[in-house]
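Below you'll find the structure, written out as structure tokens, and then a few comments.
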Amino acid sequence: MTITQTSRPGRAGRPTRPRRASGSYVDKAYPLWFHLPGGIVFVTLFLVPTALSFYFAFTRWTLFKSTFIGFDNFVLFFSEPGLIGSLRNTLIYGFVTSGAKVVLGMLLAVLLSAPIIARGYLRSVTFFPVLVSTVGVGLTFQILLDPFHGVVNQVWAVVLGIDGPGWLTDPSIALLSVAGIDVWKGVGLATLIYIAGIAAIPHEYFEAARVDGASSWQVFRRIILPLSWSATSTVILLSLIGGLRSFDLIWTTTGGGPGFASDVIASVIYKQYQAGFYGLSTAGNVILFIVVTAIIYPLSRWLNSKETSL
Amino acid sequence: MNAMRPATRWLVGLAGILLTTAVFLVPFAFILTMAAKDPVEAARLQFSWPANFQLWENVVSVFQARDYMLIIAFINSAILTVASVTLMVIFGSMIAFVLDRRRSRLNLLINTLVLAGLIIPPAVVPTIWVMQGLGLFKTLHGLILVEVAFGLSFTVLIMRAFVATIPREIDEAAIVDGAGPLRLFFRVIFPLLRSVIVTVVVVQSIFVFNDFQNPLYFLPGNQNATVQLTLFNFQSQAQTTYNLLFANILVITVPMLVMYIIFQRQIVAGMTSGAVKG
Numbered sequence: 133m134t135i136t137q138t139s140r141p142g143r144a145g146r147p148t149r150p151r152r153a154s155g156s157y158v159d160k161a162y163p164l165w166f167h168l169p170g171g172i173v174f175v176t177l178f179l180v181p182t183a184l185s186f187y188f189a190f191t192r193w194t195l196f197k198s199t200f201i202g203f204d205n206f207v208l209f210f211s212e213p214g215l216i217g218s219l220r221n222t223l224i225y226g227f228v229t230s231g232a233k234v235v236l237g238m239l240l241a242v243l244l245s246a247p248i249i250a251r252g253y254l255r256s257v258t259f260f261p262v263l264v265s266t267v268g269v270g271l272t273f274q275i276l277l278d279p280f281h282g283v284v285n286q287v288w289a290v291v292l293g294i295d296g297p298g299w300l301t302d303p304s305i306a307l308l309s310v311a312g313i314d315v316w317k318g319v320g321l322a323t324l325i326y327i328a329g330i331a332a333i334p335h336e337y338f339e340a341a342r343v344d345g346a347s348s349w350q351v352f353r354r355i356i357l358p359l360s361w362s363a364t365s366t367v368i369l370l371s372l373i374g375g376l377r378s379f380d381l382i383w384t385t386t387g388g389g390p391g392f393a394s395d396v397i398a399s400v401i402y403k404q405y406q407a408g409f410y411g412l413s414t415a416g417n418v419i420l421f422i423v424v425t426a427i428i429y430p431l432s433r434w435l436n437s438k439e440t441s442l
Numbered sequence: 008m009n010a011m012r013p014a015t016r017w018l019v020g021l022a023g024i025l026l027t028t029a030v031f032l033v034p035f036a037f038i039l040t041m042a043a044k045d046p047v048e049a050a051r052l053q054f055s056w057p058a059n060f061q062l063w064e065n066v067v068s069v070f071q072a073r074d075y076m077l078i079i080a081f082i083n084s085a086i087l088t089v090a091s092v093t094l095m096v097i098f099g100s101m102i103a104f105v106l107d108r109r110r111s112r113l114n115l116l117i118n119t120l121v122l123a124g125l126i127i128p129p130a131v132v133p134t135i136w137v138m139q140g141l142g143l144f145k146t147l148h149g150l151i152l153v154e155v156a157f158g159l160s161f162t163v164l165i166m167r168a169f170v171a172t173i174p175r176e177i178d179e180a181a182i183v184d185g186a187g188p189l190r191l192f193f194r195v196i197f198p199l200l201r202s203v204i205v206t207v208v209v210v211q212s213i214f215v216f217n218d219f220q221n222p223l224y225f226l227p228g229n230q231n232a233t234v235q236l237t238l239f240n241f242q243s244q245a246q247t248t249y250n251l252l253f254a255n256i257l258v259i260t261v262p263m264l265v266m267y268i269i270f271q272r273q274i275v276a277g278m279t280s281g282a283v284k285g
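Going down the list, the protein sequences come from chains A and B.
Quick note on our numbering: the first sequence kicks off at 133 and runs consecutively.
Quick note on our numbering: the second sequence kicks off at 8 and runs consecutively.
The structure is reproduced here in structure tokens:
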């Protein structure tokens with residue numbers, strides 16, 4: 133789970149070992165061709181297409197014939213309001229869902245690590261939505277959030293006495309509504325990661341804190357928060373990567389609409405692909421690549437540097 | 008974390024039960040009741056107990072719809088999930104094993120690629136172009152390989168952390184006994200990876216089985232639909248048959264739910280030991 137580990141291979145739970153006298157005998161037991169079966173699939177269907185995208189993004193492309201047109205696709209992307217809006221929406225969606233999952237996941241995990249009744253039941257229930265298909269969740273919430281007949285707005289009208297908003301049909305809140313559904317579906321995974329992180333904190337810390345008469349808030353602020361930092365960075369990175377690339381849920385709830393109000397880059401890529409603008413679609417892919425990498429790479433380094441070891 | 012008075016334990020627990028039930032279980036209860044209603048009642052979209060309870064009839068007609076498309080879709084999804092997850096586990100564990108055990112100049116490259124595979128969004132149309140060139144586009148085995156390519160990074164990452172916890176003395180004993188690399192790996196190491204394999208299998212199965220985007224792009228067409236795409240059968244511009252839509256959602260949720268219930272303990276254990284503590 134920890135993306136953090138890969139960037140520091142030297143420390144990843146591997147004690148330094150003495151250099152063996154006969155290196156070749158060790159190497160023979162671990163042949164490099166073991167990398168090949170997976171490597172071939174990965175290179176052919178992931179790496180090569182990724183590299184090719186940097187060429188095809190600069191072309192007008194019909195899959196059979198490509199004409200080099202320079203930066204035209206990117207110029208079009210950044211001048212069309214519907215397309216540039218998708219960039220802004222992608223960032224909003226990514227940061228809102230990730231932030232909410234960190235905060236709610238942490239709170240739920242603290243609650244579910246405490247000795248309360250029905251803990252097992254509560255853990256299962258929060259994890260439940262993670263298992264359900266995103267399309268199923270999207271379609272269910274589309275109906276629950278129906279502006280006139282939906283259950284949510286009927287409850288809203290009874291409790292607050294006014295008509296509820298058009299969650300998925302009002303352009304100003306559609307994107308945030310979808311983000312809310314995303315959090316509902318994904319917070320269980322964040323909680324699970326946090327529960328594991330909190331369980332890994334040695335008991336002595338809590339006992340020492342109790343002996344010293346620390347309040348619950350102090351325990352949370354001074355022990356749980358810093359010592360579950362690796363869980364925090366895992367949750368932040370995983371949910372941010374997922375959020376910036378998110379497609380399924382947006383496509384099944386709003387289809388990017390109303391208008392372009394909830395279009396993200398991933399849905400623009402699909403729309404342009406459907407319309408047959410393969411070059412433009414690939415330009416969208418390159419932009420998404422740059423956005424995700426430009427955010428995740430420095431962020432993961434920063435999160436790593438902040439880590440407190442146990 | 009154990010300082011909590013009994014009264015507080017009960018209060019907090021009760022509040023948690025009420026809140027999580029309302030937030031997380033009501034939508035599922037909604038799916039269940041909708042799936043059991045007749046078409047007229049379902050069209051009212053209300054959260055109520057069905058007047059005519061006809062869950063079984065609805066499930067049957069969901070399976071019969073469009074010439075048993077859902078059954079074909081279930082077969083497709085089953086093949087897709089089993090094949091791609093099996094390949095991920097075998098290929099991923101082989102890479103993780105050599106990556107952990109052998110110091111090589113390749114390691115930096117492989118670690119970088121693993122990270123890249125985790126972060127970079129796949130380039131859609133170029134992938135289609137490559138698949139077309141190889142005759143893999145619109146084929147089930149093509150989609151299987153795509154899922155393997157996209158899921159491999161995560162598999163290697165989880166597995167490598169686990170392989171690092173297996174003592175090298177075990178390898179050495181096997182080597183001294185004359186085991187070659189294949190015997191060493193598949194007979195000695197692979198069985199020891201059992202708990203992390205369960206974690207990978209469950210996590211990746213959920214991902215592949217519920218995947219919507221990749222089948223949409225790489226396996227279009229009604230004959231080879233996967234279960235996720237069948238959901239759009241009952242939704243049309245003119246009229247949506249809500250009871251059947253929800254019966255369909257229910258039917259395709261059950262397999263992953265059953266798998267999770269069976270492996271629940273092991274997943275949490277696997278995540279705890281292999282992943283976060285690392």
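For each residue, glycine too, the CB sits at the ideal point set by N, CA and C.
| query | result |
| --- | --- |
| Taking the alpha-carbon of residue 226 of chain B as reference, which of B:152, B:248, B:56 has the nearest alpha-carbon? | B:152 |
| Indicate, with yes or no, if the ligand ATP has a heavy atom lying under 8 Å from the CB of residue 279 of chain A. | Looking at this structure, you won't find the ligand ATP or any other ligand, since it has none at all. |
| At which residue ranges does the region 384 to 435 of chain A contain complete alpha helix (DSSP H) runs of 4 or more residues, listed in the order of the chain? | 397 to 406 |
| Going by C-alpha to C-alpha distance, which of A:421, A:195, A:366, A:401 sits closest to residue 435 of chain A? | A:366 |
| Can you give me, in chain order, the residues of the region 219 to 251 of chain A that have a beta carbon less than 9 Å from any beta carbon in chain B? | 240, 242, 243, 244, 245, 246, 247, 248, 249, 250, 251 |
| Relative to chain A, which residues along the region 123 to 153 of chain B have a C-beta separation below 9 Å, given in chain order? | 123, 124, 125, 126, 127, 128, 129, 130, 131, 132, 133, 134, 135, 136, 137, 138, 139, 141, 143, 149, 152, 153 |
| If you draw a straight line from the C-alpha of residue 216 of chain B to the C-alpha of residue 350 of chain A, how long is it? | 43 Å |
| In chain B, what lies closer than 7 Å to residue 471 of chain A by C-beta? | Missing from the structure shown is residue 471 of chain A; chain A here goes from 133 to 442 and no further. |
| Listed from N- to C-terminal order along the chain, which residues in the region 403 to 421 of chain A have their beta-carbon within a distance smaller than 7 Å of any beta-carbon of chain B? | 405, 410, 413, 414, 417, 420, 421 |
| Going by beta carbon distance, what residues of the same chain come within less than 7 Å of residue 275 of chain A, once the five residues before and after it are set aside? | 282 |
| Cutting at 8 Å between CB atoms, please list the residues of its own chain near residue 423 of chain A, excluding the five before and the five after it. | 219, 222, 223, 376, 397 |
| Does DSSP put residue 353 of chain A in a helix, in a strand, or in coil? | helix |
| Contact criterion: CB-CB distance below 9 Å. Does residue 287 of chain B meet it with respect to chain A? | This structure leaves residue 287 of chain B out entirely; chain B is present only between 8 and 285. |
| Closer than 7 Å by C-beta to residue 248 of chain B: which residues in its own chain qualify, once you throw out the five before and the five after it? Chain order, please. | 46, 241 |
| For residue 229 of chain B and residue 53 of chain B, I'd like the C-alpha separation in whole angstroms. | 32 Å |
| Do you know offhand how far residue 148 of chain B's Cα is from residue 181 of chain A's? | 18 Å |
| In chain A, which residues lie less than 9 Å from residue 111 of chain B when you measure between Cβ atoms? | 159, 162, 164 |
| To the nearest angstrom, how far is the alpha carbon of residue 184 of chain A from that of residue 177 of chain A? | 11 Å |
| Go through the region 221 to 268 of chain A residue by residue and report every complete run of the alpha helix (DSSP H) that reaches 4 residues or more, in order. | 251 to 263 |
| Interface residues of chain A around residue 27 of chain B at Cβ under 9 Å? | 240, 253, 254, 257, 258 |
| Can you name the residues of chain B whose CB is closer than 8 Å to the CB of residue 444 of chain A? | What is shown of chain A runs 133 to 442, which leaves residue 444 of chain A out entirely. |
| What does DSSP give as the partner residue(s) for residue 200 of chain A in the beta ladder? | A:191 |
| Strictly under 9 Å for the Cβ-Cβ distance: is residue 268 of chain A near chain B by that measure? | yes |
| List the residues of chain A whose Cβ lies closer than 9 Å to the Cβ of residue 260 of chain B, in chain order. | 263, 264, 265, 268 |
| If we call anything under 9 Å between Cβ atoms a contact, is residue 155 of chain B one with residue 91 of chain B? | yes |
| Report the CB separation of residue 42 of chain B from residue 254 of chain B in whole angstroms; it is logged as a contact under 8 Å. | 4 Å |
| If you draw a straight line from the C-alpha of residue 305 of chain A to the C-alpha of residue 299 of chain A, how long is it? | 6 Å |
| Which chain A residues sit within Cβ distance under 9 Å of residue 217 of chain B? | 263, 264, 265, 266, 267, 268, 380 |
| Go ahead and label residue 354 of chain A buried or exposed: buried means 16 or more other beta carbons lie within 10 angstroms of its beta carbon, across all protein chains shown. | exposed |
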